[in-house]
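In my numbering, the protein residues as written are 5 to 461.
Yeah, the Cβ is synthetic: ideal placement off N, Cα and C, and Gly gets one too.
Values in this document were obtained by computation on a predicted structure and should not be read as measured data.
Data block below; observations after.
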Amino acid sequence: MAQKPSIPKGTRDFSPNEMERRQYIIDILKHRFQLYGFMPIETPSFENSETLLGKYGEEGDRLIFKILNNGAFLDKVDDELLSSKNESVITSKISDRALRYDLTVPFARYVVQHQNEIAFPFKRYQIQNVWRADRPQKGRFREFTQCDADVVGSDSLLQEVEFIKLFDDVFTDLKLNGCTIKINNRKILAGIAEMMGAEDKLIDFTVALDKLDKIGAEQVKTEMLDKGIDPQAIEKLQPVFELSGSFEEKITQMKSLLSESTIGLEGIAELEFIKNKLTTLKMKTAHLDLDITLARGLNYYTGCIFEVSAPQGVNIGSISGGGRYDDLTGIFGMKDMSGVGISFGLDRIYLVLEELHLFPETVKAGVQALFINFGEAEANYCMEWMFRFRESGIKTELFPDAGKMKKQMTYADKNEIPFVILAGEDEIKAGKLTLKHMKTGEQETLSPEDLLKRFAE
RNA sequence: GUGGUUGUAGCUCAGUCGGUUAGAGCGCUGGUUUGUGGUGCCGGAGGUCGCGGGUUCGAGCCCCGUCUUCCACCCCA
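As structure tokens, this is what we get:
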């Protein structure tokens with residue numbers, strides 16, 4: 005007996021209707037990316053393991069899909085090592101390649117490898133799948149699509165301003181009004197850590213702070229204590245927990261809090277610059293919000309960080325994110341190359357648009373007219389006209405088998421083909437075609453030329 | 001990686017306290033004047049109840065394991 009087919013955990017099939025909707029989102033993204041001057045690139049689905057490992061932190065390494073070597077891969081593993089059950093060491097012996105985890109690190113690798121062909125600053129966009137060995141849950145898959153735009157080779161804060169406008173433009177085009185673009189700066193977080201005297205605990209500190217709106221101030225403090233951060237230092241954080249008001253008001257409060265920290269003030273100055281530019285340029289539908297607790301997981305960010313959350317009432321986490329990384333290419337041996345980039349989560353945006361019923365009424369990409377097949381002679385007559393119709397840009401097809409009428413009509417009906425064209429003995433003799441309007445059931449016999457004109461309207 | 005949850009026909013789901021031959025709707029298929037679909041009527045096919053073990057006279061139902069689904073945590077798009 006044939007086994008029931010299935011697909012791996014966390015993966016999905018996309019049927020025509022879903023593909024149409026995914027394509028709708030992608031078309032808007034591509035259009036905006038190109039208007040902003042980004043050029044497309046693609047990179048391989050898998051990379052050499054050393055390119056990816058160690059770039060996303062310990063947790064990230066765990067979530068990278070490793071590809072088992074081919075051939076006698078066990079030759080490199082002796083019994084002693086095998087019985088040690090040391091996964092990471094054994095993995096490095098039997099797996100040399102891994103599926104990409106995001107598009108940013110492969111992009112950094114690309115830039116370093118192609119530096120001689122590139123005129124900097126280099127702006128590229130990339131829409132490809134990435135893979136993570138995560139446990140699936142709402143809005144979380146093991147295979148999903150990221151749509152990234154990055155620019156490398158420019159320190160200018162105008163890039164940050166442009167990216168925020170890009171968020172605003174894209175979400176406005178998608179009719180997804182009321183998104184919140186949260187912005188923060190790693191330098192501010194570093195400044196706070198400095199002020200607390202907890203520079204060495206920066207990562208633990210930001211991860212805990214990131215949870216503030218989710219678990220509350222008390223639990224954040226508890227987590228920081230657990231991570232070994234000094235209680236007195238945590239007390240100094242109180243003003244951060246109580247931060248409120250408008251963007252400008254928060255800036256003012258942070259300024260006095262970080263008055264001693266050079267790096268902290270630098271971060272604040274950057275945010276002020278960006279905010280001022282955007283006040284002049286104006287946002288269309290998105291809101292810009294300063295969120296000091298925003299940390300973001302990827303530890304290569306060094307300056308501004310962004311995250312976009314869906315309009316209120318949609319519980320799906322972030323739908324886009326990004327930030328500046330001053331030294332991403334440094335790990336591949338190319339110094340002083342600053343980059344900024346953002347990533348749109350196609351799959352999550354899809355879920356949000358679906359939940360809010362924001363997909364446009366699908367313009368069916370299917371055929372406009374189906375030729376009914378009555379038999380060999382009739383089919384030959386139809387074929388001739390079918391190809392003429394196609395040359396005129398009309399999407400049309402001939403039912404391949406001379407089967408039952410009912411089956412052919414049902415086919416047209418199920419596929420929402422608006423017109424059916426019939427040509428039997430009588431029509432062939434008269435050199436005509438019969439057009440049936442599926443919705444009304446009306447039909448009329450007319451010359452092929454007239455029929456063509458009818459479709460042209 | 002941790003905790004919970006789910007799995008019965010192609011799909012959505014019923015199935016009582018463990019009790020004879022596991023059901024419905026939709027879909028599929030055949031027929032209902034053989035050149036006419038979408039709404040009618042009549043018929044038909046289709047299930048190792050996720051998989052493997054166990055308890056029992058007897059398991060879709062109880063127990064254990066495993067895979068899968070969805071959700072939360074960790075983390076993240």
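Contact between Ile432 and Leu374 is absent: CB atoms are separated by about 18 Å, not below the 8 Å threshold. Along the length of the region 30-76, whole beta strand (DSSP E) runs at least 3 residues long occupy 50-52, reported in chain order.
The straight-line gap separating the alpha-carbon atoms of Asp79 and Ser87 is approximately 15 Å. For Val424, there is no enclosing alpha helix (DSSP H); the residue is part of the beta strand (DSSP E) that begins and ends at Phe423 to Leu426.
Excluding residues up to 5 positions away in sequence, Gly157 lie with their Cβ nearer than 6 Å to the Cβ of Phe124 in the same chain. Per DSSP, the unbroken alpha helix (DSSP H) holding Asp417 starts and ends at Met409 to Lys418. Listed as beta-bridge partners of Val312 by DSSP are Ile185 and Ser324.
Boundaries for Val156: no alpha helix (DSSP H) harbours it, while the beta strand (DSSP E) harbouring it runs Glu147 to Val156, taken from the DSSP string.
Taken through DSSP and simplified to helix, strand or coil, Thr306 comes out as coil. Taking 8 Å as the cut-off, the Cβ atoms of Thr283 and Arg190 do not count as close. In the three-state reduction of the DSSP assignment, Tyr114 falls in the helix class, which pools H, G and I. Beta-bridge annotation (DSSP): Ser347 is paired with Asp152 and Gly325. Inter-residue distance for Lys281 and Asp173 is about 16 Å (C-alpha atoms, whole angstroms).
With a beta-carbon spacing of about 12 Å, Ile346 and Phe175 fall beyond the 8 Å limit used to define contacts. Taking 8 Å as the cut-off, the Cβ atoms of Leu426 and Thr444 do not count as close.
In the DSSP secondary-structure assignment, His291 is bridged to Thr184.
Secondary structure of Glu246 (DSSP, three-state): coil. Apart from the 5 residues on each side of it in sequence, Arg139 has no Cβ closer than 7 Å to any other Cβ in its chain. Looking only at Glu121, Gly64, Leu178 and Gln447, the smallest Cα-Cα distance to His361 is reached by Leu178.
Partner residues in the beta bridge of Ile131, as assigned by DSSP, are Cys151. Counted as a single uninterrupted DSSP element, the alpha helix (DSSP H) harbouring Thr256 occupies residues Phe251 to Leu261. Between Ala290 and Asn188, the alpha-carbon positions lie close to 16 Å from each other. A direct Cα-Cα distance of roughly 15 Å separates Tyr385 from Thr449. Looking at the DSSP output, Thr438 bridges to Leu426 and Thr449. Counting C-beta pairs closer than 8 Å gives three or more between the region 105-123 and the region 321-333, which meets the contact rule. For Glu359, the three-state secondary structure derived from DSSP is helix.
Judged by DSSP in its simplified three-state form, Thr444 adopts coil rather than helix or strand.
Ala373 carries a strand assignment under DSSP once its states are collapsed to helix, strand and coil. Here the alpha carbons of Trp389 and Pro452 stand approximately 8 Å from one another. Annotated three-state conformation of Glu198 is helix, per DSSP. Rounded to whole angstroms, the gap between the alpha carbons of Tyr304 and Lys13 is 29 Å. Between Leu357 and Phe363, the C-beta gap is smaller than 8 Å, which places the two residues in contact.
Going by DSSP, Thr297 is part of no beta strand (DSSP E) at all; its letter is neither H nor E. In the DSSP assignment, Arg101 falls within the beta strand (DSSP E) that extends over Arg101 to Leu103.
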